[in-house]
Each structure stands twice: as structure tokens, then as C-alpha cells.
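If you want our numbering, it's the position in the sequence shown, counting the first as 1, plus 458.
Glycine included, each C-beta is placed from N, C-alpha and C at the ideal position.
Please read the structure below before turning to the comments.
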Amino acid sequence: MAESGRLDRGDGVELAWSKRAGRSPTVVFLPGFNSDMAGEKATALAAWCEAHGQAMLRFDYSGHGSSGGRFIDGTIGRWRDDARCVIERLTEGRLLLVGSSMGGWIALLLAREWPLRMAGLVGIAAAPDFTEHMWEGLLPEERAVLAAGQPLQRSSDYGDPYAFTPALFADGRRHLLLGETIPIPCPVRLLHGQQDADVPWQVALTIADRVQSSEVQVTLVKDGDHRLSRPQDLALLRRTVAALLGEAGA
């Protein structure tokens with residue numbers, strides 16, 4: 459039976475969460491930038507875990523979904539800390555982290571901290587270092603907006619325009635991963651669409667090269683986009699998680 463609630467991260471901002479008890483390891487879904495735990499991938503995975511008696515946790519970062527706080531105040535480090543707070547307070551034992559887009563970046567950061575807890579990691583269009591790649595592509599006038607201390611508004615194919623703040627870019631530079639070896643020894647599975655217009659599929663190959671684990675598999679979906687939320691994409695996600703759980707002895 460699933461339960462849900464909100465927890466204070468320590469400064470009055472409450473983080474929304476939903477979890478169900480079940481077999482270890484706990485599957486933890488980490489959403490992407492401006493996404494939340496009610497998205498298609500998160501809910502599809504939650505339904506699969508419920509049907510198979512698997513423990514699962516999903517949540518919303520501050521400024522996302524049903525959580526408190528302002529989106530514009532968020533940074534990679536802040537949202538990583540939100541994830542750490544929820545996971546540490548609501549789970550025990552081993553973890554299988556499933557991160558979508560920015561959630562893949564945060565999953566990699568946390569897996570680096572918790573090598574002994576990690577049963578596996580799944581990245582769905584994982585986007586480590588995306589703020590730096592985005593910065594490199596900004597126009598001079600866009601950089602001028604940020605230099606003036608103002609958020610940069612950019613249109614999105616997924617809804618309302620996104621706001622990218624100077625703090626988001628500055629903090630992102632403190633959490634870059636792809637320039638060196640990433641000390642993650644657990645099995646890693648990377649799913650990426652080759653029609654992804656937001657995060658190039660070659661990023662998955664770079665992650666595979668950088669992580670320390672020798673147990674890494676990359677699955678490229680030739681006609682898949684950034685979301686990877688079509689029925690066949692969700693089926694691939696379920697198969698990937700099921701296989702990893704089987705290898706972990708669940």
C-alpha cells in the first residue's frame with residue numbers, strides 16, 4: 459500500500475513524497491528539470507513496482523510539483539540536497555536510483571556519495587553538466603541578461619517557458635562530472651533517444667566512459683526523443699529495471 463506525505467527539509471520548505479513498502483532494494487525515481495513525481499515515467503514505474511512487490515520512493519524537489527519553495531531559487535546542489543534529504547529519511551538499505559534528464563545528474567552525484575548502498579543506477583536521457591553545455595551555447599545578449607543578475611527565460615516544448623538563473627549556472631559548475639572519472643562501481647544502465655533535441659545521445663557514451671563501473675550498458679532508441687515516454691519506451695524502462703533488480707537478487 460502506498461503512502462504519501464510532506465517532510466520539512468530543515469528550513470521550513472516541505473518536500474512532497476510518495477512511497478510503498480516492498481522488497482529491497484528500494485527503487486527511487488528522480489525527476490528532471492521542472493518535472494515531478496506525477497510524470498508518465500514515474501507513475502509507470504510506480505505501478506510496476508506495486509504489481510511486483512518492490513519498494514519504491516518518488517518525490518518532488520523544492521519548487522517542483524507539490525513541494526514547497528520557489529522553482530527560481532533552485533540549483534543543482536539544492537535539488538541534490540532535497541533528494542538526499544528525502545532518501546535518507548524515508549529509506550533504508552540498498553537503492554536503485556532511476557534518474558530522468560537532470561535527475562540522472564543528481565542520481566550520479568548521490569551514487570558517488572553512497573557506493574555501498576547502490577544496487578544499480580538507471581539514467582533516462584541523463585543530463586549531467588547540462589548547465590555548462592547550455593552556457594556554451596548562449597548568445598551574447600543572453601549572457602548579458604544573466605550578468606545583470608536576471609533570470610533567462612527560454613521557451614520550452616514541454617509547457618511554460620523555463621527560467622534559468624545566474625545561480626543555476628554558477629552552482630552547476632561546482633557539480634560537473636564529465637571531465638573526470640566518476641567513482642561509481644555499481645551496475646549502470648543508460649537509455650537515450652537518438653532524436654533527443656535537448657541532450658545529445660553522445661552524452662550517454664561519455665557517461666559510460668567516465669563511470670568507474672565495468673558493468674555499464676547503453677541502450678540507444680533510434681526514434682526516441684528526450685522524454686522517452688511512449689508505451690514502447692516505458693516498456694524498455696520496465697525491462698531495464700526488472701533486469702537490474704534480478705541481478706541484485708531482489
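Could you pull out every unbroken beta strand (DSSP E) segment of at least 3 residues lying fully inside the segment 517 to 579, listed in chain order? 553 to 558
E461 to L597, Cα distance in whole Å? 46 angstroms
Give the secondary structure of P483 by DSSP, where H, G and I count as helix, E and B as strand, and everything else as coil. strand
Can the beta-carbon of A504 be found closer than 9 angstroms to that of G480? no
Should R698 go down as buried or exposed, given a rule of 16 or more other Cβ atoms within 10 Å for buried? Strictly speaking, residue 698 in this sequence is Thr, with Arg absent from that position. Buried, because 16 or more other Cβ atoms sit within 10 Å of the Cβ of T698.
Whole-number beta carbon distance between G532 and S482, since they are thought to touch under 8 angstroms: With a Cβ gap of about 30 angstroms, S482 and G532 do not count as contacting.
Is the distance from the Cβ of L694 to the Cβ of I665 below 9 angstroms? no
Is the Cβ-Cβ distance between K499 and F517 less than 9 angstroms? no
Given 8 angstroms, three or more beta-carbon pairs between the segment 637 to 644 and the segment 591 to 611: no
Check for me: the alpha helix (DSSP H) holding L597 runs from which residue to which? Per DSSP, L597 belongs to no alpha helix (DSSP H) and is neither H nor E.
State the start and end residues of the unbroken alpha helix (DSSP H) segment that holds Q660. 660 to 668
Enclosing beta strand (DSSP E) for G463 [first to last residue]: 460 to 466
Local Cβ density within 10 Å of S520, reported as buried at 16 or more and exposed below that: buried
Thinking C-beta only, is S559 closer than 9 angstroms to G651? no
Since A625 is in the alpha helix (DSSP H), which residue starts that stretch and which ends it? 624 to 630
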